[in-house]
Each structure stands twice: as structure tokens, then as C-alpha cells.
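Participant: Starting off with a structure, shown below.
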Amino acid sequence: KKYYSVTVGRRTGVLFPWSQVKPLVEGVSGGLAVGFKTHDAAMNDYLSAKRKGLVRVVRNPGDDVFFGPRSEAEM
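Numbering of the sequence shown is given in full-length UniProt numbering, commencing with residue 1 and proceeding in unit increments.
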């Protein structure tokens, strides 16, 4: 089981499984999801990226319908 730190995508945060992560980064310019063996490792990566200002929500027209409001897209 892998946990993913999604730092650039339609929604960001720590998620699993890949089937939930893939639509968040696929087709997103610079989309980034890194897999980790533990939730803690993924969370540490995500929080580190957030502290450095590297977390970014990228939306295309219509994404709010499928992925929820942008205001709730960043963990």
C-alpha cells in the first residue's frame, strides 16, 4: 500500500490509493505525486513542500464540478 504526497494537482494533500490520485495529476501541467510506504513519510513530504511554498492547485474549466470547490482543494 502506498501513500501519495500530491503537491501539484487538481487537489493536493496526502491520499491513497493511486486510483484516487491519478485523476488529480493526470493532464495537469507540472502535476506531481510522490509515493511513500507510510502515511507519515508522505505527510512529512507534503508539509515540507507546503512550508517551502511549492504546493499548488491547478484547475481547468469545469474541474470544480468533479473535484469540488477550489477553496477546499488544498489540504
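From the three backbone atoms N, C-alpha and C, an ideal C-beta is built for every residue, glycine too.
1. In terms of residues, what are the limits of the alpha helix (DSSP H) holding V65?
2. Start and end of the beta strand (DSSP E) containing V58?
3. Since residue 76 contacts R70 with CB under 8 Å, what's their CB separation in whole angstroms?
4. Run through DSSP, which three-state label would V28 get?
5. Thinking K2 and F36 are a contact (beta carbons under 8 Å), I'd like their distance in whole angstroms, please.
6. Which of the three DSSP states, helix, strand or coil, is assigned to A49?
7. Taking the straight line between their C-alpha atoms, what separation do you get for K50 and T7?
Facilitator: Quick look at the numbers:
1. 63-67
2. No beta strand (DSSP E) contains V58, which DSSP labels as neither H nor E.
3. For residue 76 there is no data in the structure shown, the boundaries of the chain being 1 and 75.
4. coil
5. 7 Å
6. helix
7. 8 Å
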